[in-house]
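J.: Can you keep this structure in mind? I'll have questions shortly.
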Amino acid sequence: MREIAAAVAGPVGRLGGAFMASREAKAYSAETGLTGWTPYFRGRFGVLGEVDADVVASAAGFFPLETVRQAWEAGAGLPAATAADRYAAVAHDFGRRTLADFAESARLADLLKLVADGADVVGAPLFGGWRAMPLPEDDRARVIHLAHVVRELRGGLHIVAVLASGLSPWRRSSAASRRSSPTANRTPSTSAGRARTPRSPKTYADGTTTPNGSPTN
41 MREIAAAVAG
51 PVGRLGGAFM
61 ASREAKAYSA
71 ETGLTGWTPY
81 FRGRFGVLGE
91 VDADVVASAA
101 GFFPLETVRQ
111 AWEAGAGLPA
121 ATAADRYAAV
131 AHDFGRRTLA
141 DFAESARLAD
151 LLKLVADGAD
161 VVGAPLFGGW
171 RAMPLPEDDR
181 ARVIHLAHVV
191 RELRGGLHIV
201 AVLASGLSPW
211 RRSSAASRRS
221 SPTANRTPST
231 SAGRARTPRS
241 PKTYADGTTT
251 PNGSPTN
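41 is the number of the first residue of the sequence shown in the numbering used here; add one for each residue after it.
Now the structure itself:
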């Protein structure tokens with residue numbers, strides 16, 4: 041089981057997180073007027089509801105509280121539920137576009153759903169929140185939605201594992217950042233889609249790489 045988990049970790053992470061740096065995500069940012077980290081936090085963490093930033097930080101794990109609070113509160117004009125629905129639509133549209141030629145979407149969606157339905161939500165609040173979101177009817181959109189759900193399961197358990205090791209997630213993330221090479225990080229994009237050069241790129245332990253812009257995981 042450990043070997044299987046290790047083998048699928050990378051593919052699930054990429055499949056479930058690629059939509060966050062897609063053209064659909066940039067459109068969502070532009071449409072809502074949210075910039076920097078805000079569209080990411082309001083969208084991904086909107087499933088938690090209208091909560092204090094401390095609650096969001098407890099689920100985010102690998103981000104400093106000040107970053108979470110600034111981004112979360114900057115998007116307060118967009119209701120959390122609306123942001124979550126819009127973020128889900130980003131994932132669905134991304135799946136319809138990128139998996140248009142993938143003939144096994146139905147099978148992959150079914151397999152991902154088996155994993156999601158059989159997992160425990162304890163220790164993985166974002167997983168629980170995203171699993172409760174309505175599934176799209178078409179297979180290609182369902183693949184990305186469910187891959188994101190399973191990715192949130194991995195993310196929640198990652199935080200639990202880091203805590204069990206005696207580290208704080210933020211300390212673990214900072215160590216990962218120091219080990220990463222700046223040249224390995226992609227240049228983040230602004231909400232308008234214009235590239236900018238980061239001054240101090242940082243790779244967080246959950247796979248998100250960016251200094252102060254849109255996530256690139």
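Virtual Cβ for every residue (Gly too), placed ideally from N, Cα, C. Given the structure is predicted, the values throughout are model-derived calculations rather than measurements.
Apart from the five residues on each side of it in sequence, which residues of its chain come closer than 6 Å, Cβ to Cβ, to residue 77?
T.: Closer than 6 Å at Cβ, skipping near neighbours: 111.
J.: Does the Cβ-Cβ distance between residue 133 and residue 64 come in under 8 Å?
T.: Contact: yes.
J.: Using only the alpha-carbon positions, how far apart do residue 67 and residue 122 sit?
T.: Each residue's Cα considered, the two are about 15 Å apart.
J.: Starting from residue 167, follow the alpha helix (DSSP H) in both directions and report where the run begins and ends.
T.: Looking at the DSSP string, the run of the alpha helix (DSSP H) that includes residue 167 is 165 to 171.
J.: Among the residues of its own chain, which have a CB less than 7 Å from the CB of residue 297, if the five just before and after it don't count?
T.: Absent from the structure is residue 297, since the part of the chain shown begins at 41 and ends at 257.
J.: Give the single residue among 162, 88, 131 whose Cα lies nearest to the Cα of residue 178.
T.: Of the listed residues, the one whose Cα sits closest to residue 178 is 131.
J.: Thinking residue 124 and residue 87 are a contact (beta carbons under 8 Å), I'd like their distance in whole angstroms, please.
T.: 5 Å between Cβ atoms; contact.
J.: If I measure Cβ to Cβ from residue 174 and keep anything under 7 Å in the same chain, skipping five residues before and after, which residues do I get?
T.: Once the five neighbours on either side are set aside, residue 174 has no close Cβ partner at all.
J.: Please return the same chain residues whose Cβ sits closer than 6 Å to the Cβ of residue 120, not counting the five positions on each side in sequence.
T.: Closer than 6 Å at Cβ, skipping near neighbours: 86, 89, 90.
J.: Starting from the C-beta of residue 113, find all residues in its chain whose C-beta is less than 7 Å away, skip the five residues before and the five after it, and write them out in chain order.
T.: So the list reads 93, once near-sequence residues are dropped.
J.: Cα-Cα, which of 117, 58, 62, 99 is closest to residue 74?
T.: When only C-alpha atoms are compared, the closest one is 117.
J.: Could you give the uninterrupted runs of the alpha helix (DSSP H) lying entirely in the stretch 78 to 103, keeping only those of 4 residues or more?
T.: You should have 78 to 84, 93 to 100.
J.: Would you kindly work out how many angstroms separate the C-alpha atoms of residue 172 and residue 143, rounded to a whole number?
T.: Cα to Cα, residue 172 sits roughly 27 Å from residue 143.
J.: With 16 as the cutoff for other CB atoms within 10 Å, does residue 164 come out buried or exposed?
T.: The residue is buried, with at least 16 neighbouring Cβ atoms inside 10 Å.
J.: Among 207, 188, 151, 51, which residue has its Cα nearest to the Cα of residue 128?
T.: Cα-wise, what sits closest to residue 128 is 188.
J.: When we look at the beta-carbon of residue 51 and count the other beta-carbons within 10 Å, is it buried (16 or more) or exposed?
T.: Residue 51 should be labelled exposed.
J.: So, helix, strand or coil for residue 154, using DSSP?
T.: Three-state DSSP puts residue 154 in a helix.
J.: Is it buried or exposed for residue 154, if we count other Cβ within 10 angstroms and need 16 for buried?
T.: When all chains shown are included, residue 154 counts as exposed.
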